[in-house]
């Protein structure tokens, strides 16, 4: 079954000079909510716990882990596994979107976010009660309640729903409370307590920003430890002088309790504000896989939103394949296909005006050493070298989206 396109990023990203916070949404959404009043919620702290996880060839341990997580949050799973290797739709996910093809991390995240806004809106319209952080509507999975209700194509509740209808607007509901959603890669490992900490902190910070009239928060992100590299990811900031990095391992316990504005961080584990995302735009599916998190963070900062990182919460994450060890340092590496996207997308971001010039200069300086390192030490060498050269050329030519790859290489995209 050929997947249908569901979400496209905005073609033009321009700053919004007069961003208004608070009540948002389309006139139709407001009219619908007026006709079907929602329960009164705490404006910041009572937002339901939604999460989206993107899967690609998940193993049994991965499925078991997210099955446990589904007991604590309202979980939407987006499966990018090709149809000939796709797993059977499980009963434990609130919604399972089977793409039957690898549509890329950006498009998969966007599909999940559309589904979250739809389900959250429908749950509120039907006066559902949040019980143990799970959405229950008359004891059954949430389903469309009117002809105008819509869900993304290929999305299905569990058990499977085969009818496909048109997609909704991204932001279906923000009248009573900000809608937050956690985003995950399947390889991330996090506890239920940590997820709850992130949602509670996001609500608290959002309330403080509103009261102090500070810029809205686009995302709250934990720190992460790359288990295959055995090191913590840096907190990254960008200003006119350059790029600064602060490693959580060098912080005191008191410093870790603070939140820090950053230029970007990895997507997995982040809790995003969908009201802010309505202005910022979705993830750029033209990039397909690499630099998706960096591009979105830079765009959010450019539009005046805050991307915050909280070192007190640390998740475990897998970055790439087994690293290359060189002069006592572990260097992250990926498959040849991923190196194609890395070099291509680096070139694509060089052409974007909202990407800081200092980031462009720094990234350009890193490309040659990376190229030499991967060409010499990533095996098979010729395969990686060809992929990187092809990526550079594709980026210079402005090619976007998924590039055709031989079937034997398709599974390598995960890494």
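Numbering (the working numbering), first residue to last: 486 to 900.
Glycine is no exception: its CB is placed at the ideal position from the N, C-alpha and C atoms.
Excluding the 5 residues flanking residue i on each side, which residues of the same chain have their C-beta closer than 6 angstroms to its C-beta?
i: residue 825; result: 872, 875, 876
i: residue 687; result: 665, 705, 756
i: residue 568; result: 585
i: residue 892; result: Per-residue confidence for residue 892 stands at a pLDDT of 43, beneath the threshold of 50, marking its modelled position as unreliable; no derived number is given.
i: residue 592; result: 770
i: residue 870; result: 860
i: residue 901; result: The displayed coordinates of the chain run from 486 to 900. Any statement about residue 901 would go beyond what the structure contains.
i: residue 625; result: For residue 625, the predicted structure reports a pLDDT of 34, less than 50, and the residue's modelled location is therefore unreliable. The matter cannot be settled from this model.
i: residue 679; result: 798
i: residue 863; result: 818, 869
i: residue 827; result: 775
Between which two residues does the beta strand (DSSP E) containing residue i stretch?
i: residue 722; result: 720-724
i: residue 786; result: It is not in any beta strand (DSSP E) - residue 786 instead sits in the alpha helix (DSSP H) that spans 777-787.
i: residue 795; result: 791-802
i: residue 811; result: 809-811
i: residue 815; result: 814-816
i: residue 540; result: 535-540
i: residue 708; result: 702-711
i: residue 728; result: 727-731
Please check the pair residue i and residue j, which I expect to be a contact at CB under 8 angstroms, by giving their CB distance rounded to whole angstroms.
i: residue 801; j: residue 674; result: 4 angstroms
i: residue 683; j: residue 705; result: 6 angstroms
i: residue 775; j: residue 846; result: At roughly 19 angstroms, the Cβ-Cβ gap does not stay under 8 angstroms, so residue 775 and residue 846 are not in contact.
i: residue 707; j: residue 792; result: No, residue 707 and residue 792 are not in contact; Cβ-Cβ is about 13 angstroms, not under 8 angstroms.
i: residue 803; j: residue 713; result: 6 angstroms
i: residue 767; j: residue 598; result: 7 angstroms
i: residue 851; j: residue 821; result: Contact doesn't hold; Cβ gap of about 19 angstroms is too wide.
i: residue 600; j: residue 582; result: 7 angstroms
i: residue 814; j: residue 806; result: That pair is no contact at about 16 angstroms.
Which residue marks the beginning of the alpha helix (DSSP H) containing residue i, and which one marks its end?
i: residue 670; result: From DSSP, residue 670 is part of no alpha helix (DSSP H) but of the beta strand (DSSP E) over 665-670.
i: residue 677; result: 677-697
i: residue 759; result: 759-765
i: residue 548; result: 545-554
i: residue 740; result: 738-741
Going along the chain, which residues of its own chain have a beta-carbon closer than 7 angstroms to the beta-carbon of residue i, five neighbours each way excluded?
i: residue 668; result: 537, 594, 752, 753, 755, 757
i: residue 834; result: 776, 780, 840
i: residue 786; result: 748, 792
i: residue 589; result: 770, 773, 774, 887
i: residue 832; result: 877, 880, 881
i: residue 502; result: The predicted position of residue 502 is uncertain, since its pLDDT is 28 and thus under 50; a value taken from the coordinates is nonetheless stated next. If we look at residue 502 and ignore the five residues flanking it on each side, it has no Cβ neighbours.
i: residue 816; result: 808, 809, 858
i: residue 743; result: none
i: residue 782; result: 748, 749, 750, 792
Beta-carbon within less than 8 angstroms of residue i's beta-carbon, same chain only, minus the 5 sequence neighbours each way: which residues are those?
i: residue 717; result: 708, 709, 710, 711, 732, 733, 734, 799
i: residue 555; result: 577, 578, 579
i: residue 884; result: 829
i: residue 547; result: 540, 671, 672
i: residue 854; result: none
Establish whether the CB of residue i and some CB of chain C are separated by less than 8 angstroms.
i: residue 690; result: Included in the structure is just one protein chain, with no chain C present.
Runs of 4 residues minimum, wholly inside the stretch 830-894: which ones carry the alpha helix (DSSP H) assignment? 842-862, 866-882
Touching or not, the stretch 681-697 and the stretch 560-571, by the rule of three or more beta carbon pairs under 8 angstroms? no
Decide if the stretch 701-715 is in contact with the stretch 746-765; the criterion is three or more beta carbon pairs, one per stretch, under 8 angstroms apart. yes
So, does the stretch 721-728 touch the stretch 736-749, judging by three or more C-beta pairs under 8 angstroms? yes
Go through the stretch 564-610 residue by residue and report every complete run of the beta strand (DSSP E) that reaches 3 residues or more, in order. 580-583
Any contact of the stretch 834-850 with the stretch 725-733, i.e. 3+ C-beta pairs under 8 angstroms? yes
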